[in-house]
Amino acid sequence: GKLALTCGLLLSLFSHLQIFTLKFNFSRYFFRAAGTFTQLSLQYFEKHSHVVDISFMYFSRA
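Heads up: the sequence shown is residues -19 to -1, 1 to 43, going by mature numbering (1 follows the signal peptide of the UniProt record, and there is no 0).
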């Protein structure tokens, strides 16, 4: 009766918490990876800015 209901509620709450934690950890990891990727691509574009300029000129002309 009541005990089973309480256990079920606790279980569903726990699984929701687990899913939430997984989502939170994933989003945190995703944002960290995205930040690292952005930094790396910015560094790359700074190093190879002439290539980017040439390709930009080419694409804007096309």
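Note that beta-carbon positions come from the ideal geometry of N, C-alpha and C, so glycine has one too.
C-alpha gap between PHE26 and LEU(-10), whole angstroms: Rounded to the nearest whole angstrom, the CA to CA distance from PHE26 to LEU(-10) is 51 Å.
What separation, rounded to the nearest whole angstrom, lies between the Cα atoms of HIS29 and MET38? If I take the Cα positions, the gap works out to 14 Å.
Rounding to the nearest angstrom, what Cα-Cα distance links GLY(-12) and SER8 in this structure? Cα to Cα, the separation comes out at about 28 Å.
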